[in-house]
Amino acid sequence: MSVAKRIVIEPVTRVEGHGKVTILLDENKKVVQARLHVVEFRGFERFIQGRPFWEVPVLVQRLCGICPVSHHLAAAKAMDRIVGGENLTPTAEKVRRLMHYGQMYQSHALHFFHLASPDLLFGFGADVAIRNVIGVAGKYPDLAVQAVLMRKYGQEIIKATAGKKIHGTGAIPGGVNKNLSISERDVFLKDVDQHLAWAKSAVTIAKDYTTQNLANLAPFGSFDSNHLSLVRADGAMDLYHGNLRAIDAQGETIFDQVDYQRYVDFIAEEVRDWSYMKFPFIRSIGPEKGWYRVGPLARLNTATFIDTPLAEIERKEFRAVTAGKPNNITMAYHWARMIELLHSIEKIQALLDDKDLQGTELVVKGERREVGIGLIEAPRGTLFHHYKVDRNDLVTQANLIVSTTSNNEPMNRAVAKVAQDHLQGAEITEGLLNHVEVAIRAYDPCLSCATHALGQMPMEMTVLDHHGQILNQKSRG
Amino acid sequence: MKGASKILLYGFGNPGRGDDGLGPALAAAIEELALPNIAVDANYQLTVEDAAEIAGYDAVVFADAATQGPAPFWFSRIDESIIERTSRAIGWTSHSVSPIQVVALARGMFASKVAAYTLGIRGYEFGELDEALSARAMVNLTCAVTFARQALVDRQFEHYLQEFGPPAVGQFAGSSTWKAQP
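Line by line, the protein sequences are chains V and Y. Counted the way our numbering counts, the first sequence spans residues 1 to 477. Counted the way our numbering counts, the second sequence spans residues 1001 to 1182.
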């Protein structure tokens, strides 16, 4: 009988919220399985039931301190359907888009410079005391300041369009509650050229890093997968709205231009006994092979083109690396993310020049419905919000599929791949630990939403045998 | 700090997670008072760009829920020794950063000399989705608001630090929640 050991790493550093990794070793100290355990948020359905539907776009922001805007907008899109107001006025749609691109810009800047760049600049195996944003600030001060200012710019756009940083109220069922004034617009116009230059520079950093290290990065945590995102009717990348498109690892279409009001006909969710998080999959393929990736890498793979010129040039370079086929390299998420960063600031620049932002027609309403589904491409991937509302305007049912849930199986695959390639034996070094973390961080997961409760996240490593008994355990932090 | 012209009160935490919302609740209460020369901000959590925000102030008071430590609240200073010790010892565990790390970034990137303090308000019920503060946390909040109002008006921060005294042996309050000393 083989003797297996489980190595449990908890939590994964620089990932939002809790997460621990269990690696099952056989008697020969070879990796036989890896699992990413998640303390996922639970209880939302109960929390939201009985609340008036118009409160939901504000309430859902409490789900996540990292991407409250994504939840705000996805819920608002769902509630647009409830009030029959999905055909927004030009002002409402453009204000929402500006809010969303501001969110995308600040989130991608934060991830790349704060969470990913320490690994890229100092190396995966560098001392964790140096390999962090303070280390980046010390060695690359100009880059660190630039990153902070990029993040701040996006946050200020959110504040101007959502009303405030916390509990924003900008998007309401059927529209928005404010436009963007000339004076607000001019603040952002003043700096947008600088941000465009910084975004171009960021793409270059990610591209050069990826292409110059391609031999090492290509196999790192990589595997073939399906990819899913919203795309526009003409196939263009659209981060705010569109129809669902899914492709396989070779680029063959699984489905295309699916109205997301029918997503339940195409996407199902599997429950596994070892994880709180569900495992979504494409119904027509089944749970075994129907799992898919979402987020920047998936979006670069599914989009036929990008409708902003600088990002489109970069997309073509990105796709050329894999000869036009889908890019299945996990570490290419970083490059894809920076192309989206550039796309977002191009969109912001174009929107700021659009006089519709100062329009005064903010809300539309139509035929009342009882079901509302809203999807958006959040920074981490496709975000699903699904609600039922009764005749008394109260929410009776809610279902969310957050981006990290869709990337659940891919992250498990990435951990398994890295563990198979880099972890041998029961001894886990800091450098090897970080290889696992680097693979997970590529997905920018948000593993537990919206509470900080400081001091409750010590790093803990536990070694268990196949009976679940602890063989070894240590903590840090 | 007496006479400082620019002071920021920054509350952070998630109002949708019970007592985790103590920081924003205090910020809201202080904002309503409209104290002269006191800026107020709030967010779910601190992030790197907050370094740019606090850099321009003479003093910042971070208000946060404390999961441990004395009730009703604790007031402490983020001094240079804490920054030096914890910026090396604390790993980066999430997208959010601690008050200490925000100050360290403000020092490093913007050469800021902002004086930084933490006001840790004791909470009891965290984690579950709940928009209301617990009854005991409400009591603590009321005390903390009274204190913050007085401290922000008279700006005798160092005097208050002496009143509270140093953290207990083996503990520090640099991140407003007491935790084991690294």
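Where is the CB? At the ideal position from N, CA and C, for every residue including glycine. This structure is a prediction, so every number in the text was calculated from the model and none was measured.
Is residue i helix, strand or coil when you go by DSSP?
| i | result |
| --- | --- |
| I263/V | At residue 263/V the sequence reads Tyr, which differs from the Ile that was named. Reduced to three states, the DSSP call for Y263/V is helix. |
| S284/V | coil |
| V58/V | helix |
| G374/V | strand |
| S1094/Y | Confidence in S1094/Y is poor, its pLDDT being 48 and thus under 50, which makes the residue's placement too unreliable to answer from. |
| A442/V | coil |
| L1005/Y | Here residue 1005/Y turns out to be Ser, not Leu, going by the sequence shown. Coil, per DSSP. |
| T1118/Y | strand |
| M331/V | coil |
| N1014/Y | coil |
| Y209/V | helix |
| E1049/Y | coil |
| R6/V | Its pLDDT being 46, under 50, R6/V is placed unreliably in this model, and the value from its coordinates should be taken loosely. Three-state result, R6/V: strand. |
| Y292/V | strand |
| I480/V | With chain V covering only 1 through 477, there is no way to say anything about residue 480/V. |
| K165/V | coil |
| S492/V | Residue numbering for chain V in the displayed model covers 1 to 477; residue 492/V lies beyond these limits and cannot be assessed. |
| K365/V | coil |
| N243/V | strand |
| N216/V | helix |
| N399/V | strand |
| K417/V | helix |
| M1109/Y | helix |
Measuring only from the beta carbon, is residue i closer than 7 Å to any heavy atom that is part of the ligand MN?
| i | result |
| --- | --- |
| D393/V | The ligand MN is absent from the structure shown, which contains no ligands of any kind. |
Taking C-alpha atoms, which residue in the options lies nearest to residue i?
| i | options | result |
| --- | --- | --- |
| T155/V | Y1044/Y, F1110/Y, G1011/Y | First, the amino acid is wrong: residue 155/V is Gln here, not Thr. Nearest option by C-alpha distance: Y1044/Y. |
| A160/V | A34/V, K178/V, A323/V, N434/V | K178/V |
| I329/V | S225/V, E288/V, V69/V, G381/V | S225/V |
| D353/V | F188/V, G50/V, F220/V, K29/V | F188/V |
| N408/V | K355/V, G290/V, W54/V, T302/V | G290/V |
| G123/V | F44/V, H435/V, Q49/V | H435/V |
| A1106/Y | F1126/Y, A1059/Y, F1157/Y, D1041/Y | A1059/Y |
| P1070/Y | Y1160/Y, L1119/Y, L1008/Y | L1119/Y |
| D186/V | I157/V, P280/V, R315/V, K152/V | I157/V |
| P90/V | W198/V, T360/V, V192/V | T360/V |
| A442/V | A206/V, Q420/V, R272/V | A206/V |
By Cβ distance, which residues of its chain are closer than 7 Å to residue i, with the 5 residues on each side in sequence left out?
| i | result |
| --- | --- |
| G174/V | D80, V83, G85, V363, V364, K365 |
| M1109/Y | A1051 |
| A1029/Y | V1145 |
| I282/V | N226, A246, I254, F266, I267, G290, Y292 |
| L217/V | T210, I329, M331 |
| S403/V | V294, G295, A378, R380, G381, T382, L383 |
| L300/V | R315, F318, N327, A336, I339 |
| L310/V | K200, L342, E346 |
Grab me the residues of residue i's own chain with a C-beta within less than 6 Å of its C-beta, minus the 5 sequence neighbours each way, in chain order.
| i | result |
| --- | --- |
| S344/V | Y101, M104, Y105 |
| G242/V | L230, V231, R232 |
| G1123/Y | D1019, L1022, A1065, A1137 |
| G324/V | none |
| F1164/Y | F1075 |
| Q257/V | N243 |
| T396/V | K388, D390 |
| F220/V | M331 |
| Q261/V | I373 |
Identify, in the order they occur along the chain, each residue of the same chain with its Cβ nearer than 8 Å to the Cβ of residue i, setting aside the five sequence neighbours on each side.
| i | result |
| --- | --- |
| D1079/Y | none |
| N1037/Y | S1005, K1006, I1007 |
| A1132/Y | G1018 |
Given 8 Å as the limit, is there contact between the segment 405-425 of chain V and the segment 386-393 of chain V, that is, 3 or more CB pairs closer than that?
-> no
Is it a yes or a no for the segment 1129-1145 of chain Y touching the segment 1098-1116 of chain Y, going by three-plus beta-carbon pairs under 8 Å?
-> no
Mind checking the segment 1011-1030 of chain Y against chain V and listing, in chain order, the residues whose C-beta falls within less than 8 Å of any C-beta there?
-> F1012, G1013, N1014, P1015, G1016, R1017, D1020, P1024
Report yes or no: do three or more beta-carbon pairs, one from the segment 179-188 of chain V and one from the segment 323-334 of chain V, lie closer than 8 Å?
-> no
Along the segment 149-175 of chain V, what residues have a CB closer than 7 Å to any CB found in chain Y?
-> L149, R151, K152, Q155, K165, I166
Within 7 Å of chain V by C-beta, residues of the segment 1105-1123 of chain Y in sequence order | L1105, G1108, M1109
Would you call the segment 1009-1017 of chain Y and the segment 1044-1059 of chain Y touching, i.e. three or more CB-CB distances under 8 Å?
-> yes
Between the segment 1037-1048 of chain Y and chain V, which residues of the former have CB atoms less than 7 Å from a CB of the latter, in chain order?
-> A1042, N1043, Y1044, Q1045, T1047, V1048
Contact between the segment 289-302 of chain V and the segment 376-387 of chain V: three or more CB pairs below 8 Å?
-> yes
Which of the residues in the segment 1047-1061 of chain Y, read from start to end, lie with their CB under 7 Å from any CB of chain V?
-> T1047, V1048, E1049, A1051, A1052
Pull out every residue of the segment 124-150 of chain V whose Cβ sits closer than 8 Å to any Cβ of chain Y, in chain order.
-> V128, A129, N132, V133, I134, A137, G138, P141, A144, V145, A147, V148, L149
Would you call the segment 50-68 of chain V and the segment 29-37 of chain V touching, i.e. three or more CB-CB distances under 8 Å?
-> no
With a cut-off of 8 Å, do at least 3 Cβ pairs link the segment 107-115 of chain V to the segment 143-154 of chain V?
-> yes
Taking only beta carbons into account, state which residues of the segment 88-114 of chain V come closer than 7 Å to chain Y, listed in chain order.
-> L110, H114
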